[in-house]
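For the protein sequence lines, the chains are A and B, in the order given.
This note's numbering numbers the first residue of the first sequence as 1166 and each following residue consecutively.
This note's numbering numbers the first residue of the second sequence as 1166 and each following residue consecutively.
2 protein chains.
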Amino acid sequence: MSAADATILLVDDHSVVREGYRSVLQKQPGLRVIAEAADGAEAYRLYKSEAPDLVIMDLSMPGIGGIEAVRRIRQWDKGARILVFTMHENAGFAVQAIRAGARGYVTKTSPPETLVRAVMDVLAGKIAISPDIDHELALSRLAGESSAADVLTPREFEVMRLLLAENTTEEIAETLHVSPKTVANLHSLIKDKLGVGSDIELVRLALRQGILTEVDLGEG
Amino acid sequence: MSAADATILLVDDHSVVREGYRSVLQKQPGLRVIAEAADGAEAYRLYKSEAPDLVIMDLSMPGIGGIEAVRRIRQWDKGARILVFTMHENAGFAVQAIRAGARGYVTKTSPPETLVRAVMDVLAGKIAISPDIDHELALSRLAGESSAADVLTPREFEVMRLLLAENTTEEIAETLHVSPKTVANLHSLIKDKLGVGSDIELVRLALRQGILTEVDLGEG
DNA sequence: GCGACGGCCGGGAAAATTTCACGACGGTGC
DNA sequence: GCACCGTCGTGAAATTTTCCCGGCCGTCGC
């Protein structure tokens, strides 16, 4: 435990899983886990008090999620090094995470070596993406699937969010203070722009692109 | 490592997570992890060759999922003791798991002690459910939400599955060899029986009840 | 200033879908 | 036999979706 060890903050809402990170990382010389958090808010607090060299962050967590935690930490410390380590084998999430300021994205299905390698790369200032996500990103590029966040105007995106969260056209019209007709028109336009034929496909696309998570839907 | 140790098979598609189980369990005397599997098929194969006293099983895995793996193992060995350990804090999944033959259901957010306790309980022949799921189950009972699997007839359930998986009414009519009109009628009837007003709500309910998982939707 | 453009809001009408009422058929239980 | 339920389908009404339209407003380039 020399003073030169790189210090690490682990963030994951599953304690048994944190135990796994620890076990893998402590086999690696030069790394030292100095703190653990179970949600985004705690992660932010601990980052400020502990100033670790690296954060390993899960995405799906109660309260403020991982993406938002990444954003806040980066806002507080522009140089923060955050490696996202998550179960989502989903290019959409990776794009969001990197845009939010993460320096790496590794899926939990990756072998321990990949995680260790990514930790080292991020500490060395590189960007680390696990191979499966690299592949996913390439595929989505090739498929040319429209990214909802890109092709939709802010208003359309908002309506889409509400469609997925609330239910009836009338309710949305009310919260937006526009006519139900407008919402219906937008709804149709959104499906058109996104190239989906049904609401069910719309939900699937939102899930695939990480606009929505399972827990968002389940709780609603 | 006495011969009297209880032998355990770990099943989880995330290697780092298996590392976590190991770390927690090996602190407990009387337990010995003898094998690990990364998916349902491998779990089944290893169960037959290793005959462990207990299986600790994740649910969301590539290929055949955890529920199906539980079913197969129990079919092969009526006395198999399987403890489901998953991220899904979802009463629907718990019901499915128990019906498939699991002897316990613990969420990954639970502290390590809860997992250890559940392992001991299941080995002792008891049924172990983590407190959060107990609570969820109680709530869903109180809310009296119609369980899709109960209120729907087999045919209706099948159509619902197809609606969530495929997309157009025509395609489903084709695969079922019935008129599109019938599918439309069923579609309407299903929403009525389930008390949902829109397709989006239908997806949400399916997710909540564990009829569908995020990966089902994403991959479609 | 002024014209072009794009986002936003909604009306109107045609087209498609959803919903409801109804009948037929086979299987099951009494 | 008879009642009941699940399945399948028709037809017509009700509703929604979709398409086409025009107006309003802010921005950009000239």
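Even for Gly, the Cβ is constructed at its ideal location relative to N, Cα and C.
Since leucine 1367(A) and lysine 1358(A) should fall inside the 8 Å C-beta cutoff, what is the C-beta to C-beta distance between them, to a whole number of angstroms?
In the first sequence, the residue the question calls residue 1367(A) occupies position 202. In the first sequence, the residue the question calls residue 1358(A) occupies position 193. Contact flag wrong, Cβ pair sits at about 11 Å.
Return the CA-CA distance between isoleucine 1238(B) and leucine 1317(A), expressed in angstroms with no decimal places.
On the second sequence, residue 1238(B) is found 73 positions in, with the first residue counted as 1. On the first sequence, residue 1317(A) is found 152 positions in, with the first residue counted as 1. Going by the C-alpha atoms only, they are around 48 Å apart.
CB-CB under 6 Å to threonine 1172(B), same chain, minus the five flanking residues each way: which ones, in chain order?
Numbered from 1 along the second sequence, position 7 holds the residue referred to as residue 1172(B). Arg1197, Ile1199, Pro1217 and Asp1218, listed in sequence order.
Contact criterion: CB-CB distance below 8 Å. Does aspartate 1297(A) meet it with respect to chain B?
For this step, residue 1297(A) is matched to residue 132 along the first sequence. For aspartate 1297(A), the nearest beta carbon of chain B is not closer than 8 Å to its own beta carbon.
Does the ligand ATP have a heavy atom nearer than 7 Å to the CB of methionine 1252(B)?
The ligand ATP is not part of this structure, which contains no ligands at all.
If you reduce the DSSP assignment to three classes, tell me which class arginine 1197(A) lands in.
The residue given as residue 1197(A) occupies position 32 in the first sequence. Under the three-state reduction of DSSP, arginine 1197(A) is assigned to strand.
Sheet register partners of valine 1176(A) (DSSP bridge):
The count along the first sequence starts at 1 and reaches residue 1176(A) at position 11. In the DSSP output, where bridge partners are listed per residue, valine 1176(A) has Ala1202(A) and Met1222(A).
Kindly indicate the opening and closing residues of the beta strand (DSSP E) around isoleucine 1229(B).
In the second sequence, the residue the question calls residue 1229(B) occupies position 64. Going by DSSP, isoleucine 1229(B) is part of no beta strand (DSSP E) at all; its letter is neither H nor E.
Asparagine 1350(A) touches chain B at which residues, Cβ-Cβ below 9 Å?
Within the first sequence, the letter at position 185 stands for residue 1350(A). Residues of chain B whose Cβ lies closer than 9 Å to the Cβ of asparagine 1350(A) do not exist; the shortest such Cβ separation is about 17 Å.
If you draw a straight line from the C-alpha of threonine 1333(A) to the C-alpha of aspartate 1286(A), how long is it?
Translated into the one-based positions of the first sequence, residue 1333(A) becomes position 168. Translated into the one-based positions of the first sequence, residue 1286(A) becomes position 121. In a straight line, the C-alpha of threonine 1333(A) is about 48 Å away from that of aspartate 1286(A).
With 7 Å as the limit, tell me which residues of the region 1357–1368 of chain B have their beta carbon closer than that to any beta carbon of chain A; keep them in chain order.
Within the region 1357–1368 of chain B, the residues whose Cβ lies closer than 7 Å to some Cβ of chain A are Gly1362, Ser1363, Asp1364, Ile1365, Glu1366 and Val1368, listed in chain order.
Partners in chain B for serine 1353(A), counting only beta-carbon separations shorter than 9 Å
Counted from its first residue, the first sequence places residue 1353(A) at position 188. Contact annotation for serine 1353(A) against chain B: no contact, minimum CB-CB distance about 14 Å [criterion: below 9 Å].
Leaving out five residues before and five after alanine 1169(A) in sequence, what residues of the same chain have Cβ atoms less than 8 Å from its Cβ?
Locating residue 1169(A) in the first sequence gives position 4, where the first residue counts as 1. Taken in chain order, the residues that qualify are Gly1195.
Name the residues in the region 1257–1279 of chain B whose C-beta lies less than 7 Å from a C-beta of chain A; which are they?
Those residues of the region 1257–1279 of chain B that come within reach of chain A (Cβ to Cβ, closer than 7 Å) are Lys1273, Thr1274, Pro1276 and Pro1277.
8 Å Cβ cutoff, glycine 1185(A) in contact with chain B:
Locating residue 1185(A) in the first sequence gives position 20, counting from the first residue. For glycine 1185(A), the answer is yes, since a Cβ of chain B falls inside 8 Å of its Cβ.
Give the single residue among Ala1206(B), Val1176(B) and Leu1190(B) whose Cα lies nearest to the Cα of arginine 1282(B).
As a working mapping, residue 1282(B) is identified with position 117 in the second sequence. Distance from the Cα of arginine 1282(B) is smallest, within the candidate group Ala1206(B), Val1176(B) and Leu1190(B), for Leu1190(B).
Which ranges would you report for the beta strand (DSSP E) in the region 1329–1359 of chain A if only whole runs of at least 3 residues count?
The region 1329–1359 of chain A contains no whole beta strand (DSSP E) run of 3 or more residues.
Does DSSP put alanine 1171(B) in a helix, a strand or coil?
Along the second sequence, one-based indexing puts residue 1171(B) at 6. Here alanine 1171(B) sits in strand by DSSP.
Do valine 1284(B) and leucine 1248(B) have their beta-carbon atoms positioned less than 8 Å apart in this structure?
Counting from 1 along the second sequence, the entry for residue 1248(B) is found at position 83. Counting from 1 along the second sequence, the entry for residue 1284(B) is found at position 119. The answer is yes: Cβ separation under 8 Å.
As a quick exercise: from Phe1250(B), Gln1240(B), Gly1375(B) and Thr1274(B), pick the residue whose alpha carbon is nearest that of glycine 1266(B).
Translated into positions along the second sequence, residue 1266(B) becomes position 101. Among Phe1250(B), Gln1240(B), Gly1375(B) and Thr1274(B), the Cα nearest to that of glycine 1266(B) belongs to Gln1240(B).
Identify every run of the beta strand (DSSP E) within the region 1257–1310 of chain A, keeping only runs that are complete inside it and at least 3 residues long; order them along the chain.
1269–1272, all fully within the region 1257–1310 of chain A.
Interface residues of chain A facing valine 1189(B) [CB-CB closer than 7 Å]:
Counting from one through the second sequence, the residue named residue 1189(B) turns up at place 24. By Cβ distance, chain A contributes Val1181 and Glu1184.
Which residues bound the beta strand (DSSP E) around isoleucine 1247(A)?
Position 82 of the first sequence, counting from 1, holds the residue named residue 1247(A). Counting along the chain, the beta strand (DSSP E) containing isoleucine 1247(A) begins and ends at 1247–1251.
Given that threonine 1390(B) touches chain A, what residues does it touch there, using C-beta distances under 8 Å?
In this structure chain B extends from 1166 to 1385, so residue 1390(B) is not present and cannot be described.
With a cut-off of 8 Å, does the C-beta of aspartate 1223(B) fall near any C-beta of chain A?
Taking the first residue of the second sequence as 1, we reach residue 1223(B) at position 58. When Cβ-Cβ separations below 8 Å define contact, aspartate 1223(B) makes no contact with chain A.
Below 8 Å, can you find three or more Cβ-Cβ pairs linking the region 1176–1188 of chain B to the region 1202–1215 of chain B?
Cβ pair count under 8 Å is three or more, so yes.
Are the beta-carbon atoms belonging to alanine 1256(B) and leucine 1302(B) less than 8 Å from one another?
By 1-based counting over the second sequence, the position of residue 1256(B) is 91. By 1-based counting over the second sequence, the position of residue 1302(B) is 137. Yes, the pair counts as a contact, with Cβ atoms nearer than the cut-off.
Min CB distance leucine 1248(A) to chain B below 8 Å
The residue you call residue 1248(A) lines up with position 83 of the first sequence. Leucine 1248(A) does not count as touching chain B.
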